Each structure stands twice: as C-alpha cells, then as structure tokens.
Amino acid sequence: MAKSKILRGMTHDGSARVLVINSTEMVNEMQRLHGTYPTATAALGRLITCASMVGTMLPAEGDTVTVNIASDGEISKLIAVADYYGTVKAYINNPYSDPARRPDGKLNVGGAVGAGSISFIKDISGHEPQIGTVELTSGEIAEDIATYFARSEQIPTLLSLGVLVNPDLGCQAAGGVLIQLMPYPDDATVDALEKNASRISNVSGLINSGMTSQEIFALACEGIEYDLFDEIEVDYKCDCERARMLEKIKSLGKGEIVGMLDEQEAEGKGRSLTAVCRFCNTNYTFNEKELLG
Ligand code: ZN
C-alpha cells in the first residue's frame, strides 16, 4: 500500500497554515502491531494521524511531541509520540475496546474514551519540556485536540480526523486536515475556512471516495488563494532497541533484579526477564548474566 503522506501549505495571505494527511497505511501498521478492535483503532488512529502532523511542525530534528490521553473510559490511556519527520509510535491501554455503535451507526469513540484529560508534552532541544493539559471535551479526539490548541497554546485550530475500519479490522481509509491560524489573520480568509470546514468533516469518507490530498486541500481552501509547499512521507515506526531496554531494566538496581529473577524461578520459569515494548509489542528476553553483568 502507498505510504502515508502529509501535504503542507499555507493560505497566500499568510493567515493560516494547512496540513492534509492520508494516514491509511500508518493506521494499518498501528492496527497490525497492537491488534486493535474497531473503536480502539479509530481512537488511536485519530490520535496518531494528528500527532504525525503536529510532529512535522516541531522546530528541529531530534525534537518530539507526546500526546497523552488519560480518561475514565474503558480505553483509559492513549499515548502517541511523533518526531520532526512525522514518524509516530503509540500505545493503548485497552486495544480491545469496542463498545456498541452510536445511534447514528458510527463507532463510539467518545464513549470508549470517556472523560479525562489530554496533555501535549513538547521536547524541544535546548528547552525544558513544555507541558500543556486540558480536560477532554468529547473524547472524540479531534475536538479535544482543537480545544487543547485554543486554550493551552492560544492557536485557533480547525481539525478534522477520520478512520474508517474494515470488517476484517484493517483500516480502509484514514486521514486528517489541520488548519491553524497565524497571528493577525485576515477576517475574510477565516470566514471562508470556517465555511469550508463542514465539507472536510468526513475526511476518511473523502479519502475512501478516491480524493487525493491535493483535492481535499482545495476543498478546505475553496475561495481562498493558497500555496502548496511540499508533500512528505510519514510512517508508524518504533525506535526501541535491545540495548536500551536492557539499560532500563538495569536501572532498577541489582537487588530488585535478583528479586524478580528469584520470582521467575519460584514460578518454575528460567532465570531470565522479558520486557515488552509498549509501542510495538516486541519481546526482549535477557538472561541473568546480561542483567547482572
Ligand atoms: Zn518498540
């Protein structure tokens, strides 16, 4: 399948930057790694779709943004981490969340997520981590993120995110449109963007109907002059490494590690420890020699 891509541009008058992502492949990779059920796929799929776009707005290589949702719903925890290249990895506490559909037939993402908070943590080189948190508005993800940007960063944001799940649990189409106003935007441009917003509200449906990112961009900016800058490939990719995982366990201290090895032995297992990467579910098993060496 074609790689996920982000199309970036700006209104010609400098009032707003506009990003359009087709994240179908990225969401499929996430679904494959985490084995998510449809509602969980939609929730985490929407989150990584947006995180990838926000990642590409970071100032420099090496910077990251982490989006954390902590809630009282059955999903309870969602994490997406994106870098400067828009590469994402993600975690979901309950990948099997799939409550009954809403009366309108749509996946009940808001019901699965519930009430809670959403935080953005930006790790930007040379700065203390910047953390902003707001309460969830609806648990439907796009609305929650738009609220975060408006309240925490004072950036008026129009955001549409969509994930269409197949009966075989794969992702049929996924994508998003992120529009952020720059300081002192032109009133007529803002009015036009707001007027066009309803036309891009079903972004996964537009992608599924065969529309390209360029066509979706044009729909979002109808009646407005704009410039397209570039289109970049983005991925779901974990950066975990065996050596780093070992260092993490070793940081627990020898006493703690010996205690865990003793427990394993008492349960009739070998004297080894297995760590699972929560972003890609890779298992790393270390023997006693490695752990205490
Ligand atoms: Zn990993």
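For the sequence shown, the working numbering assigns the number 51 to the initial residue and increments by one for each residue that follows.
Note that beta-carbon positions come from the ideal geometry of N, C-alpha and C, so glycine has one too.
Keep in mind it's a predicted model, so treat the numbers as computed, not measured.
Relative to the ligand ZN, the beta carbon of Thr332 is positioned inside 8 Å of a heavy atom. Close CB contacts of Phe199 within its chain, under the 6 Å cut and outside five residues either way in sequence, are with Ile205 and Thr207 (chain order).
For the pair Ser210 and Ser251, the CB atoms are nearer than the 9 Å cut-off.
Annotation for Arg294: the continuous alpha helix (DSSP H) segment containing it runs Arg292 to Lys300. Contact annotation: the region 73-93 does not touch the region 267-279, with fewer than three C-beta pairs closer than 8 Å.
Here Gln230 is bridged, per DSSP, to Arg67 and Thr207.
For Asp241, the enclosing alpha helix (DSSP H) starts and ends at Asp237 to Ala247. Where Ile56 is concerned, the enclosing beta strand (DSSP E) starts and stops at Ser54 to Thr61.
In the structure shown, Asn72 falls within a strand segment according to DSSP collapsed to helix, strand and coil.
It is roughly 46 Å from the alpha-carbon of Glu340 to the alpha-carbon of Leu228.
For Lys127, the uninterrupted beta strand (DSSP E) run begins and ends at Lys127 to Asp133, by DSSP. Spatial neighbours of Asn143 in its own chain (CB-CB distance under 6 Å, excluding positions within 5 residues in sequence) are listed in chain order as Ser126 and Lys127. Under the three-state reduction of DSSP output, Tyr286 falls in the strand class. Sorting Gln81, Gly64 and Arg67 by C-alpha distance to the C-alpha of Asp218 places Gln81 at the top. Taking one beta carbon from each stretch, the region 281-295 and the region 136-150 have 3 or more pairs nearer than 8 Å; the two touch. A straight-line Cα-Cα distance of about 47 Å links Glu297 and Met261.
Nearest Cα to Thr335 within the set Cys327, Leu323, Leu342 and Val159: Leu323.
Membership of Ser263 in the alpha helix (DSSP H) is indicated by the continuous run Ser263 to Ala270. Val131 is the residue among Val131, Gly212 and Pro233 whose C-alpha sits nearest the C-alpha of Phe170.
The beta carbons of Thr89 and Leu186 sit no closer together than 9 Å. Annotated as distal: His62 and Glu272, with beta-carbon spacing of 9 Å or more. For Thr137, the secondary structure class from DSSP, reduced to helix, strand or coil, is coil.
Sequence-distant partners of Ala165 (beyond 5 residues in either direction) whose C-beta falls short of 8 Å from its own C-beta, in its chain, are Ser121, Asp122, Gly123, Glu185, Leu186 and Gly189.
Assigned with DSSP and collapsed to three states, Ser322 falls in strand.
By a beta-carbon distance limit of 8 Å, Leu214 does not contact Asn246. Their separation comes to about 21 Å.
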